[in-house]
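S.K.:
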Amino acid sequence: MRGVLQTLDLELKQSGAVVEISVSIALPQVICQPPQIAQALQNLISNAIKYAGDSPPQIMITVTEDACEMVEFDVTDQGIGIPAAFIARIFEPFKRAPGSGDTQGTGLGPGHMQKGRSTSRR
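In our numbering, the protein residues as written are 15 to 136.
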C-alpha cells in the first residue's frame, strides 16, 4: 500500500486529496501477484483523483477479510460517480462513462483491472 501511495504522491498532493486507510484484520501472508494488485489500486485511486469534481478528493481504502478468507480492498470516494445505467459497461475496452468529459483517460483501466484480477487465499 505504501508503494502505491508513493507512486501517486504528486497527484495526491496536487489534488489536495485526503486518504484514509482502515485495516480491520491482521494481514495474512497471501499468494498473489503484487504488481497486478498495485496496478488495480493505482487505477482506482487515480480515478478517484481525476473524477473528484470540484472538491479535494476524500478517498477511503478499507482492507477486510470476507467469509471465504479472501482479502478484500475497497476503495471509496466522493467523486462524480458512474451512472447506474453505465455500470455494466465499465469493463468494456475504451468505454468511458458519460460525464467524464475532458478528463484524460483511455477507458482501459477497469477492463485491464478485471482482466488481471487475481483471487488470492491465505
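All C-beta atoms, glycine included, are put in the ideal place defined by N, C-alpha and C.
Just to confirm my understanding: we take Gly-67, look at its own chain, exclude 5 residues before and 5 after, and list those with CB closer than 7 Å. What are they?
M.R.: These residues qualify, in order along the chain: Gly-93 and Ile-94.
S.K.: So is the beta-carbon of Ser-69 under 8 Å away from any non-hydrogen atom of the ligand HEM?
M.R.: Because no ligand of any kind appears in the structure shown, any question about the ligand HEM cannot be addressed here.
S.K.: By the DSSP assignment, the alpha helix (DSSP H) with Gln-20 in it spans what residues?
M.R.: Where Gln-20 is concerned, the enclosing alpha helix (DSSP H) stretches over 16 to 21.
S.K.: What residue does the beta strand (DSSP E) around Ile-35 start on, and which one ends it?
M.R.: Note, Ile-35: beta strand (DSSP E), 32 to 37.
S.K.: Between Ser-60 and Glu-25, is the Cβ-Cβ spacing less than 9 Å?
M.R.: Yes. Within cutoff.
S.K.: Report yes if the C-beta distance between Val-18 and Leu-55 is below 9 Å; otherwise report no.
M.R.: Yes.
S.K.: For a minimum of 4 consecutive residues, which ranges assigned as the alpha helix (DSSP H) are wholly contained in the stretch 42 to 79?
M.R.: As far as the stretch 42 to 79 is concerned, its whole alpha helix (DSSP H) runs of at least 4 residues are 48 to 64.
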